[in-house]
Amino acid sequence: MNNQEAKGEKESEEAAEQRDSPMASSAIDGVAATALRSVLHRVQQAAERSGRSSDRIRVVAVSKTKPVSLIREVYDAGHRSFGENYVQEIVEKAPQLPGDIEWHFIGNLQSNKVKPLLTGVPNLAMVETVDDEKIANNLNRVVGNIGRKPLKVLVQVNTSGEESKSGVHPSGCLELVKHVSMACPNLEFCGLMTIGMPDYTSTPENFKTLANCRSEVSKALGIAEEKCELSMGMSGDFELAVELGSTNVRIGSTIFGAREYPNKQSN
Numbered sequence: 174m175n176n177q178e179a180k181g182e183k184e185s186e187e188a189a190e191q192r193d194s195p196m197a198s199s200a201i202d203g204v205a206a207t208a209l210r211s212v213l214h215r216v217q218q219a220a221e222r223s224g225r226s227s228d229r230i231r232v233v234a235v236s237k238t239k240p241v242s243l244i245r246e247v248y249d250a251g252h253r254s255f256g257e258n259y260v261q262e263i264v265e266k267a268p269q270l271p272g273d274i275e276w277h278f279i280g281n282l283q284s285n286k287v288k289p290l291l292t293g294v295p296n297l298a299m300v301e302t303v304d305d306e307k308i309a310n311n312l313n314r315v316v317g318n319i320g321r322k323p324l325k326v327l328v329q330v331n332t333s334g335e336e337s338k339s340g341v342h343p344s345g346c347l348e349l350v351k352h353v354s355m356a357c358p359n360l361e362f363c364g365l366m367t368i369g370m371p372d373y374t375s376t377p378e379n380f381k382t383l384a385n386c387r388s389e390v391s392k393a394l395g396i397a398e399e400k401c402e403l404s405m406g407m408s409g410d411f412e413l414a415v416e417l418g419s420t421n422v423r424i425g426s427t428i429f430g431a432r433e434y435p436n437k438q439s440n
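In this text, residue positions in the sequence shown follow our numbering: the first is 174, and each later residue adds one.
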């Protein structure tokens, strides 16, 4: 083989390596799809640091305030898990997008919005924000009435003690989990969710509190801790969350860019 042939073969190998890398297709993808690939790569690295497999960690791309076209870009990059905070937005967007998207509702849910949410989004995969018995009962009743398969839910725990945050107090977590598991046959309890402090100073403590709640819940229900999900970690702290055991991270602005609020949205 002469030098020219050897050089050509080396360039072909390098091109193949770039094509198969985690950042593949960045040159032809849009900004959001490229950002998604970066997030997935960072999740993989954080998982490896904690001795876990990244395929056990779900990345929910949170698309609130973002247009359908941008969600479609991330969908076309191969992603399927998306999250929304407002009922109005998710019921408007979901019908315009493919039916194999797994939608997560991650905002505060009012009782009068339960039926519009469940009837408007047939492919709703999970509600992550069950924080009291009333909302659990409403979800259970509507799921039964419309005849859909059991709805996966997470119990939201307020681990930071902030009054502005929704969620059951850690001391009441087990009682609410038992209610969902035993009194709501149309709901499938899947785990716990929390939102850390906005300045991240107490984030490790918040995440450790949720992990402690999982240990208590798993022991009481007689299930392995691995069967109880931990939804914790957002754009500013998801790598730390993964290192501390998160199985579900909710990433918005790091994928989609800063949010735009043209008008105040109602839930």
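Cβ atoms here follow ideal geometry from the backbone N, Cα and C, with glycine treated the same way.
All values reported here derive from a predicted model rather than from experimental measurement.
With distance defined between alpha-carbon atoms, name the residue in the options nearest to residue i.
i: G345; options: T332, H277, L291 and S236; result: T332
i: G272; options: S339, V294, K392 and Y259; result: V294
i: G406; options: K286, V235 and K266; result: V235
i: I122; options: N281, Q261 and I244; result: The displayed coordinates of the chain run from 174 to 440. Any statement about residue 122 would go beyond what the structure contains.
i: K266; options: V241, R225, V353 and N258; result: V241
i: E170; options: L365, G409 and P377; result: Absent from the structure is residue 170, since the part of the chain shown begins at 174 and ends at 440.
i: S284; options: D305, N296, Y248 and L209; result: D305
i: S223; options: N281, L417, H214 and G203; result: L417
i: V232; options: D249, Q261, S226 and L209; result: L209
i: E301; options: R432, V212, N421 and C357; result: N421
My assumption, with CB atoms under 8 angstroms, is that residue i sits in contact with residue j. Please give the rounded CB distance.
i: I230; j: S419; result: 7 angstroms
i: K239; j: F429; result: 5 angstroms
i: R443; j: L403; result: Residue 443 is absent from the model: the chain starts at 174 and stops at 440.
i: P289; j: V316; result: At roughly 14 angstroms, the Cβ-Cβ gap does not stay under 8 angstroms, so P289 and V316 are not in contact.
i: G256; j: H277; result: 4 angstroms
i: T382; j: L413; result: The Cβ separation is near 14 angstroms, so there is no contact.
i: V415; j: V204; result: Not a contact, Cβ separation roughly 23 angstroms.
i: R321; j: L282; result: About 16 angstroms separates the two Cβ atoms, so there is no contact after all.
i: K286; j: V260; result: 4 angstroms
The alpha helix (DSSP H) that contains residue i, what's its start and end?
i: S254; result: Segment S254 to E257 is the beta strand (DSSP E) holding S254; no alpha helix (DSSP H) there.
i: L347; result: C346 to A356
i: E265; result: V260 to K266
i: V415; result: F411 to E416
Hey, is residue i close to the ligand MN, as in C-beta under 6 angstroms from one of its heavy atoms?
i: A431; result: Ligands in the displayed structure: none, and consequently the ligand MN is not present.
Specify, as a first and last residue, the run of the beta strand (DSSP E) that residue i falls within.
i: S408; result: That residue, S408, is in no beta strand (DSSP E); it is neither H nor E in DSSP.
i: S404; result: E402 to S404
i: I428; result: Where I428 is concerned, there is no enclosing beta strand (DSSP E), although the alpha helix (DSSP H) it sits in stretches over S426 to F429.
i: G364; result: L360 to M366
Next on the checklist: Can you confirm whether the region 298 to 309 touches the region 329 to 349 when touching is taken to mean that 3 or more C-beta pairs between the two stretches lie within less than 8 angstroms?
Outcome noted: Contact between the region 329 to 349 and the region 298 to 309 is present: three or more C-beta pairs spanning the two stretches fall below 8 angstroms.
Next on the checklist: Is it the case that the region 359 to 370 contacts the region 313 to 328, given that we only count it when at least three CB pairs across the two stretches are under 8 angstroms?
Outcome noted: Because the criterion of three Cβ pairs below 8 angstroms is met, the region 313 to 328 and the region 359 to 370 touch.
Next on the checklist: For a minimum of 3 consecutive residues, which ranges assigned as the beta strand (DSSP E) are wholly contained in the region 218 to 244?
Outcome noted: DSSP runs (the beta strand (DSSP E)) wholly in the region 218 to 244: 231 to 235.
Next on the checklist: In chain order, what are the residue ranges of uninterrupted alpha helix (DSSP H) at least 4 long that sit wholly in the region 371 to 395?
Outcome noted: 376 to 394, all fully within the region 371 to 395.
Next on the checklist: Runs of 3 residues minimum, wholly inside the region 275 to 339: which ones carry the beta strand (DSSP E) assignment?
Outcome noted: Listed in chain order, the beta strand (DSSP E) elements of length 3 or more contained wholly in the region 275 to 339 are 275 to 278, 297 to 303 and 324 to 329.
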